[in-house]
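For what it's worth, this note's numbering labels the leading residue of the sequence shown as 141, then goes sequentially. Beta carbons are placed, not taken as given, at the ideal position from N, Cα and C, and that holds for glycine. Computed from a predicted structure; not experimentally measured. The block underneath contains the structure these notes are about, expressed in structure tokens.
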Amino acid sequence: MTIWTSSLVAEALGVPSPAELSFNGVSTDTRHLTPSTLFVALKGDRFDAHAFLDQAKAKGAGAAVVRCGTAAVDGLPFFEVDDTLAAAPRK
């Protein structure tokens, strides 16, 4: 079941859409990521999930929200933002 399209995500983030995609969820943790999920690579004082982008791709992430300038991961579209923590969805 599609929850979000890349167009909606791009509009919410205020950035261009990397492709026309659909997502069935959002995750900030690759341990709980399922296929077609949007992965948000958070960076905090003690962690940086950008180190897990290859793992997110391997688990089937549909795309990732990353900080601007992040090295490309082949086959994983990026939404590039200034601050992933500020862009992350809140519960």
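Three-state secondary structure (DSSP) of F179: Residue state, collapsed to three classes: strand.
For G215 and T177, believed in contact at Cβ under 8 Å, the rounded distance: The Cβ separation is near 15 Å, so there is no contact.
Nearest neighbour of V180, chosen from T174, R186, H190 [CA to CA]: If we check each option's Cα against that of V180, H190 comes out closest.
Per-residue burial, S147 [other beta carbons within 10 Å of its own, 16 or more giving buried]: When all chains shown are included, S147 counts as exposed.
C208 vs D188 beta-carbon contact at 8 Å: Result no, Cβ atoms of C208 and D188 do not sit closer than 8 Å.
DSSP three-state assignment for A201, whether helix, strand or coil: Of the three classes helix, strand and coil, the one that applies to A201 here is coil, per DSSP.
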